[in-house]
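Asker:
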């Protein structure tokens, strides 16, 4: 199907919204959220349709259906959920040419917050009505998209353990913090990595490698301004922790909570456009992308996605404070 060049702009201003809604994201009640979203769109005189994710295994299928509808009816695909849901829907949307809207409903919502999208459901839905398109950079590792971050080593383990704690105690930042402490107490493993970028290669040992694509998250933990700015200029930022013991890891956790991670002597950071990472002695390794974990074959190639995401960002009057 051949689409007119004006399709994204027309869709953003006048097209129907196809809302992919994850009923399980965050602590929100699904029926209540649907009612608020519907209220906003009805008030704005926009057509809309909900496509519900009733099974996490079907999220790609539901997202593909939303893209098909948006292409055939010159509409907008909207993801309602946390960063993981937004990532999954964006992974399908990014190559389609469809404009993409976000209704943040997760615990941290770094992607939405970084683009001044309101965290309140009614406000974010209303903001979509007057939003404009802004091409937004995405990262990828071995072709798998990430909007906020990707990582290997200790960080994916933190995420896995956090999900276990959330299943038992519920979703909150306190639960995430406590589960992180428990993981650090048990952490012993070091990765042996060969990394290569811009023709330079180095071997290193580290408990974790973290790659960021979100200036807000990087700023909050205190990564230096040079790397944070690089993310705004077409690069990704890598954070590497030197081999340290459990007490030193707790120190790094406190530095991060205080927004001073970049000042810690055991942390190195650098920016890049393409980074090849080869773990020693393993053909497959766990990698986390926007909070979702998958096994990937090595070597790992981190790079900027070839196409930007056509994100709907709020008009100045509807922008939330970036915080």
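Residue numbers (the UniProt record's numbering): 1 to 323. Backbone N, C-alpha and C fix where the C-beta goes; we use that ideal spot for every residue, glycine too.
Can you tell me whether DSSP reads residue 268 as helix, strand or coil?
Answerer: strand
Asker: May I have a chain-ordered list of the alpha helix (DSSP H) segments no shorter than 4 residues that lie completely inside the stretch 87-133?
Answerer: 110-114 and 121-129
Asker: Below 8 Å between beta carbons: does that hold for residue 101 and residue 131?
Answerer: yes
Asker: Output the distance between the C-alpha atoms of residue 9 and residue 218, rounded to the nearest integer angstrom.
Answerer: If I take the Cα positions, the gap works out to 31 Å.
Asker: Only counting runs of 3 or more residues, tell me where the beta strand (DSSP E) segments fall wholly within the stretch 282-322, in order along the chain.
Answerer: 284-289, 292-297, 300-304 and 309-313
Asker: Evaluate contact between the stretch 143-154 and the stretch 204-223, counting only Cβ atoms and requiring at least three cross-stretch pairs below 8 Å.
Answerer: yes
Asker: Taking contact to mean 3 or more Cβ pairs, one atom from each stretch, closer than 8 Å, check whether the stretch 301-311 and the stretch 266-282 are in contact.
Answerer: yes
Asker: To the nearest angstrom, how far is the alpha carbon of residue 152 from that of residue 235?
Answerer: A straight line joining the alpha-carbon of residue 152 with that of residue 235 spans about 19 Å.
Asker: Distance, Cα to Cα, residue 109 vs residue 201?
Answerer: 34 Å
Asker: Taking the alpha carbon of residue 285 as the point to measure from, which residue in 154, 231 and 306 has its own alpha carbon closest?
Answerer: 154
Asker: Going by DSSP in three states, residue 51 sits in which element: helix, strand or coil?
Answerer: Of the three classes helix, strand and coil, the one that applies to residue 51 here is strand, per DSSP.
Asker: Mind checking who residue 151 pairs with in its DSSP beta bridge?
Answerer: 210 and 288
Asker: Taking 8 Å as the limit between beta carbons, can you name the residues of its chain near residue 256, skipping five residues before and five after?
Answerer: Caution applies to residue 256, whose pLDDT of 47 falls short of 50 and renders its modelled position unreliable; the value that the coordinates give is listed next. Excluding residues within five positions, the ones whose Cβ falls inside 8 Å are 221 and 222.
Asker: Any idea if residue 55 is buried or exposed, counting beta-carbon neighbours within 10 angstroms, 16 or more meaning buried?
Answerer: exposed
Asker: So residue 141 and residue 77 are supposed to be a Cβ contact under 8 Å. How far apart are they, rounded?
Answerer: Actually they are not in contact, since the Cβ atoms of residue 141 and residue 77 sit about 23 Å apart, beyond 8 Å.
Asker: Run through the DSSP bridge pairs and tell me what residue 194 is partnered with.
Answerer: 203 and 278
Asker: For residue 4, which residues in the same chain have their Cβ closer than 8 Å to its Cβ, ignoring the five residues on either side in sequence?
Answerer: Because the pLDDT of residue 4 is 47, which lies under 50, any placement of that residue in the model is unreliable, and the number read from its coordinates should be weighed accordingly. In the same chain as residue 4, and ignoring 5 residues on each side of it, the C-beta atoms closer than 8 Å to its own belong to 10, in chain order.
Asker: What would DSSP say about residue 59, mapped onto helix, strand or coil?
Answerer: helix
Asker: Could you check where the alpha helix (DSSP H) with residue 37 kicks off and where it finishes?
Answerer: Note, residue 37: alpha helix (DSSP H), 30-43.
Asker: Can you find at least 3 beta carbon pairs, one from the stretch 87-106 and one from the stretch 43-51, that sit closer than 8 Å?
Answerer: no
Asker: With three or more C-beta pairs closer than 8 Å as the rule, is the stretch 35-42 touching the stretch 82-95?
Answerer: no
Asker: Taking 8 Å as the cut-off, decide whether the C-beta atoms of residue 128 and residue 17 are in contact.
Answerer: yes
Asker: Whole angstroms is fine: what's the gap from residue 53's alpha carbon to residue 90's?
Answerer: 15 Å
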